[in-house]
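Numbering (my numbering), first residue to last: 44 to 263.
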C-alpha cells in the first residue's frame, strides 16, 4: 500500500487514460470548446457541421453567374431536393442553418422539417455578390470587357461586386459562431460560401480552394 503522501499509481493511470480519451474525442471534430468545470474536470463540448450546397438550378446548367438573384431548379435539382433531406436527417442535426436565398432556403426548410429540428436563416450565408457580372455567362462577361477574378482577396470579383475576402470573413464568422456551441448543425448555402467555410474549418489555403468545383447538392 502507498504511504499517506505517496502518489497512487493506479489513480494516475486512470486519469491518464481519461485525459487521452478526452483529447481523442476533442480532436475528432472541427469545432471544439471548453465548458464549465464539474468535479474538477473540464467538460469538452463538440461541434459537428455538415455543409450542403443548394440543388442544381438552370443558371448552374447554363453557366450563368447568379449570386443574389434567383434561378429555378432543374429536374435534377428537384430530385436533389427530394433526396438531400434524407441525408441531412441521417446526420442528425440539432439545427439547420440556411441562406435566405430561395434556391438554398427551400432545401433548408425541407431538411429542417424532415429532421424535426429548428430552422435558422442567416444572411451571412448568401452567395457572393457578382455585381455587374450577375446573370451573365463568362463569354458575355468577356464581351463586355469585364473579368471575374478570385485571386485578390481585397478586390471585387467583378465590378461593383464583393471580394473573396468579404465572403470568407462572413462565412468564417458563421463557422466561429457554431464552433462556440455544442451540437450538430447542417448548413445549407452556396458554392462560394461552401468553399469559404471549408477554408476556415480546415485551415486550407484560401486562393486554392476557390479553384475546386463544388457540385450542386454536395455535402461535406
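We put the CB at the ideal spot given by N, CA and C, even for glycine. No experiment lies behind these values; they were computed from the predicted model shown.
Task: Residue from 177, 198, 202 with nearest C-alpha to residue 189 - done: 202
Open item on the list: Would you call the stretch 111-122 in contact with the stretch 193-213, where contact means no fewer than 3 C-beta pairs closer than 8 Å?
Closed with: no
Task: C-alpha distance - residue 48 paired with residue 133, whole-angstrom precision - done: Note that residue 48 scores a pLDDT of 39, beneath 50, so its modelled location is shaky; the value from the coordinates is reported in the next line. If you take the alpha carbons of residue 48 and residue 133, they lie about 52 Å apart.
Open item on the list: Quick check: the stretch 233-240 against the stretch 213-223, are at least 3 beta-carbon pairs closer than 8 Å?
Closed with: yes
- [ ] Tell whether a beta-carbon distance below 9 Å holds between residue 236 and residue 124.
- [x] no
Task: Top-ranked residue by Cα proximity to residue 160, from 110, 249, 177, 229 - done: 229
TODO: Could you spell out where the beta strand (DSSP E) holding residue 141 opens and where it closes?
DONE: 138-141
Open item on the list: Can you tell me which residues form a DSSP beta bridge with residue 226?
Closed with: 90
Task: the ligand HEM heavy atom lying under 8 Å from the CB of residue 140 - done: Ligands are entirely absent from the displayed structure, and the ligand HEM is therefore not among its contents.
Task: Pair within 9 Å by beta-carbon distance, residue 142 and residue 256 - done: no
Task: Residues of its chain near residue 178, where Cβ-Cβ distance is below 8 Å and the 5 sequence neighbours each way are ignored - done: 102, 107, 108, 109, 112
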